[in-house]
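Input: a single structure, listed below in structure tokens.
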Amino acid sequence: MPESVRSGAKPKPAAAKPKPAAPDRRVAVLLPLPLREAYDYRIPDGMDLGPGDYVEVPLGPRRVIGVVWGPGAGTVESGRLKAVLRKFDAPPMTGAGRRFVDWVAAYTMTPPGFVLRMAVSVPAALEPPKPMLAYLRKADAEAPPGFKMTDPRRRVLALLDDTLAGGPPRTPAELAEEAGCGITVVRGLAEAGLLDPVMLQPTRLGRPDWHRPGPSLSPDQRAAADDLRERVISGRYSTVLLDGVTGSGKTEVYYEAISAALEQGKQALVLLPEIALSAQWLDRFARRFGAPPAEWHSELTGAQRRDTWRAVAKGEVPVVVGARSALFLPYPDLGVIIVDEEHDSAYKQEEGAIYHARDMAVARAHLGGLPIALVSATPSLETKVNADSHRYARIALPARHGGAVLPEVELVDLRRDRPPARHWLAPSLRKALTDTLAGGEQAMLFLNRRGYAPLTLCRACGHRMQCPNCTAWLVEHRLARKLQCHHCGLQQPLPHACPECGEEGTMAACGPGVERIAEEVAELFPEARAAIMASDTLHGPRAIQEMVESIGRHELDIIIGTQVMAKGHHFPMLTLVGVVDADLGLNGGDLRAAERTYQLLHQVAGRAGRGERPGRVMLQTFMPEHPVMQALAAGDRDGFYQLEAEMRLEAGMPPFGRLAALIVSGEDPTLVERVAMALGRAAPRSETVHVLGPAPAPLSLLRGRHRRRLLLKAPRSTQVQPLIAEWLARVEIPPAIRVQIDVDPYSFL
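For the sequence shown, the working numbering assigns the number 422 to the initial residue and increments by one for each residue that follows.
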């Protein structure tokens, strides 16, 4: 027995055992910066984090937003680990959304953080919206003594009378606008005790109603719609080409797929290539479903983008229609994707992360396990080959809806049917315009060239007005009295004298733009109501919608425009389409020049004769024997595609081969050339892989940067990304040089 116990002394307490260290709680956070990996951060006590949570973290002296990408990698010592500062009260990014960011990054060889920036494009949306002040009519309230009841005050109270019966509260701005008074009038009524203030959360658009019956569909349309509905209801991945002639009712058919998604309680995404297409589309959608969809494009205000992004993330937005960036919104339960006009080159993003929204949409559908419909009257050759090989399903709509027939297409040979000097409309087209106007119908003149003239030169010395920042001529815009570069946006006034030789009155406009065609129309038909429809003259969706409505009401007789008016619009009284320069897109030697020209002209032609009256299309060309012109005149779409496919197959070009471009650019032309040559020497080469270049890009100077291109060509089965990664690792790229990677290039400028 121990001595201490025998003597009655209290034993000394044993030394306490050290507590085991708390487990190192860490997460990997991906930041929306050009970073190739996520960074580890410590989870502070009392905070729970899971994959997809939006957080704020320290990065050097800054506080940045990021997304929890998964468990930490453990590469940073615990003592050096910085803690997450904050978790945002917002729905987490879904697993499908995170996988999509990773997939896009890997395919396009873009840092994942750079792709994430497109998915977290509105950081303000992570904050809960601030409540808005609104007012109700206060029951049984009487004006205080001496309070004068003016007419503006009576109008405001009349607007609020319905709130006594349960009507919605109204914001001061809404009341002031509708009553035709200032906000101070509303505030005065509130201070007098006649209004009850309430705080509202920002309101959303009305919810589209899938119960509403759609229009009567033809048997072909009904079969197509039922097919799409079944795919949506199945909830499984599939890609289908909705292949229908112009005017066949493809939009109403895929509205049925949207209806099926809404019936399942899921979201729907519709991609459109351009904002210009949305005006009539939105009107048709609202008639079909009783409420408009949410919009997503560059013309939205910051507040609209914030509210829409957050509402999409919370599942409060059933349908989104938008441009290519809408693909990266945080959908929690996407049920179907529609890519309308899937062939359109506007789906290609050429800056930053270079991607094709159609192809990325197919990947998003596959990762999310949902159906996608690619819609076009003139599918891209890639999509058509996939449908022909049964990789994609196909739904065909071979006839126009309602008994309308496709327009007759005739070629106007400009070598024989020549316009008068300094004019651009051939005699036969002039006569057709005269006959159309005499019949009380509308005509469209198409020229895919903005402004008045594409080139201005001096008749004395030959000097041409060129952009100092780009390899491009300055385009004259006579209505705005300026010269403009359509690549970098440079503007300068029209010169009174030649800047080279100083001679006055010698500057001449060469070639036609839509403004010059409008000038000729005014000369030929002074009584006709004509207007220009181009991105220079129509600023934003509202202006485009007003123009479209004006044409629909037959307030215009002749419309002169660019590709803004080429597709998507339905004008029943438009019976004549004249294409001023059908050969324009065939120049330049682009891989897809013939395909793009065929698609554009086919879409333009499709605007004619969509109502009860038959249509007529006249294509002015110097090359009537060209396969594109012959196919358009004969209405032989599939014959053109077959010929184009045979040529691509023989050359090993897409969709039967792979291409990837490296664009080397910088402000120092010598350094650019040196890096490009080094890349050329280090390029991968084999019996099947070839690298062309380096060579000056067609736009060898763009926005002040000199540019060289290299093009890798490989068989379709080749994974080009590992080849490019090894290639770039062999060459040291100076900080002043930028090397952009374009997998599957569409533009070769």
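Note that the Cβ used here is the ideal one computed from N, Cα and C, for glycine as well.
Rounding to the nearest angstrom, what Cα-Cα distance links residue i and residue j in this structure?
i: Ile816; j: Ile758; result: 16 Å
i: Val783; j: Arg745; result: 13 Å
i: Val478; j: Lys508; result: 9 Å
i: Thr857; j: Ile972; result: 15 Å
i: Thr584; j: Gln622; result: 18 Å
i: Arg1137; j: Ser1107; result: 15 Å
i: Pro993; j: Glu1033; result: 7 Å
i: Ile793; j: Val760; result: 8 Å
i: Ala1029; j: Leu802; result: 25 Å
i: Arg1017; j: Asp1059; result: 15 Å
i: Tyr528; j: Gly790; result: 19 Å
i: Val942; j: Pro1035; result: 23 Å
i: Ala847; j: Glu897; result: 23 Å
i: Val607; j: Leu721; result: 28 Å
Quickly, what does DSSP pair residue i with across the bridge? List them, please.
i: Leu692; result: Gly743 and Val760
i: Met1039; result: Glu831 and Gly999
i: Phe867; result: Gly982 and Val1000
i: Arg507; result: Glu477
i: Arg447; result: Arg463
i: Val489; result: Val450
i: Gly1087; result: His1127
i: Pro364; result: The requested residue 364 does not occur in the structure, where the chain is confined to residues 422 to 1170.
i: Thr877; result: Ala930
i: Lys1134; result: Leu1080 and His1111
Just to confirm my understanding: we take residue i, look at its own chain, exclude 5 residues before and 5 after, and list those with CB closer than 6 Å. What are they?
i: Leu537; result: Leu451, Pro453 and Val522
i: Leu854; result: Ala864
i: Ala504; result: Arg463 and Pro465
i: Leu788; result: Ala517, Arg520 and Phe521
i: Ala442; result: Because the pLDDT at Ala442 is just 40, under 50, the model does not fix this residue reliably, and the value given afterwards should be weighed accordingly. Once the five neighbours on either side are set aside, Ala442 has no close Cβ partner at all.
i: Asp648; result: Ile816
i: Cys882; result: Glu921 and Cys922
Tell me, to the nearest whole angstrom, how far the beta carbon of residue i is from that of residue j; I am working on the premise that it is less than 8 Å.
i: Leu959; j: Val985; result: 7 Å
i: Pro1115; j: Gly1101; result: 5 Å
i: Val733; j: Pro751; result: 6 Å
i: Phe1043; j: Leu748; result: Actually they are not in contact, since the Cβ atoms of Phe1043 and Leu748 sit about 40 Å apart, beyond 8 Å.
i: Ala600; j: Arg576; result: 4 Å
i: Val1085; j: Ile1158; result: 6 Å
Looking at the structure shown, is residue i part of a helix, part of a strand, or coil, going by DSSP?
i: Phe706; result: helix
i: Leu1092; result: helix
i: Asp664; result: strand
i: Tyr675; result: helix
i: Asp809; result: helix
i: Arg779; result: helix
i: Pro1119; result: strand
i: Ala442; result: Confidence at Ala442 is low in this model, with a pLDDT of 40, below 50, so its placement is unreliable and the value that follows should be read with caution. Three-state DSSP puts Ala442 in coil, outside helix and strand.
i: Glu563; result: coil
i: Glu803; result: helix
i: Met539; result: helix
i: Pro513; result: coil
i: Lys769; result: strand
i: Val653; result: helix
i: Met954; result: strand
i: Val1152; result: coil
i: Arg1099; result: Looking at the sequence shown, residue 1099 is not Arg but Ala. Here Ala1099 sits in helix by DSSP.
i: Leu750; result: coil
i: Gln887; result: strand
Which residues in the same chain as residue i place their Cβ atom closer than 8 Å to its Cβ, once the five residues preceding and following it in sequence are excluded?
i: Pro549; result: Asp510
i: Gly516; result: Pro472 and Gly473
i: Pro1056; result: For the sequence presented, residue 1056 should be read as Gly rather than Pro. Within the same chain, Gly1056 has close Cβ partners Leu827 and Val830.
i: Ala798; result: Asp664, Gly665, Val666, Thr667, Ser669, Lys671, His1023, Gln1024 and Gly1027
i: Ala678; result: Ala646, Leu649, Arg650, Arg652, Val653, Ala689, Val757, Ile759, Pro792 and Ala794
i: Arg427; result: Low local confidence applies: a pLDDT of 35 at Arg427 is under 50, so the model's placement there is unreliable, with the coordinate-based value given in what follows. Within the same chain, Arg427 has no close Cβ partners at all.
i: Met1050; result: Leu832, Ala1003, Leu1040, Thr1042 and Met1044
i: Arg484; result: Glu477, Val478 and Leu506
Give me, in chain order, the residues of the same chain whose beta-carbon lies closer than 7 Å to that of residue i; leave out the 5 immediate sequence neighbours on both sides.
i: His991; result: Gln701 and Arg1031
i: Ala939; result: Ala951, Ile953 and Ile981
i: Ile654; result: Ala681 and Gln685
i: Pro916; result: Met928
i: Leu456; result: Pro532 and Gly534
i: Arg843; result: none
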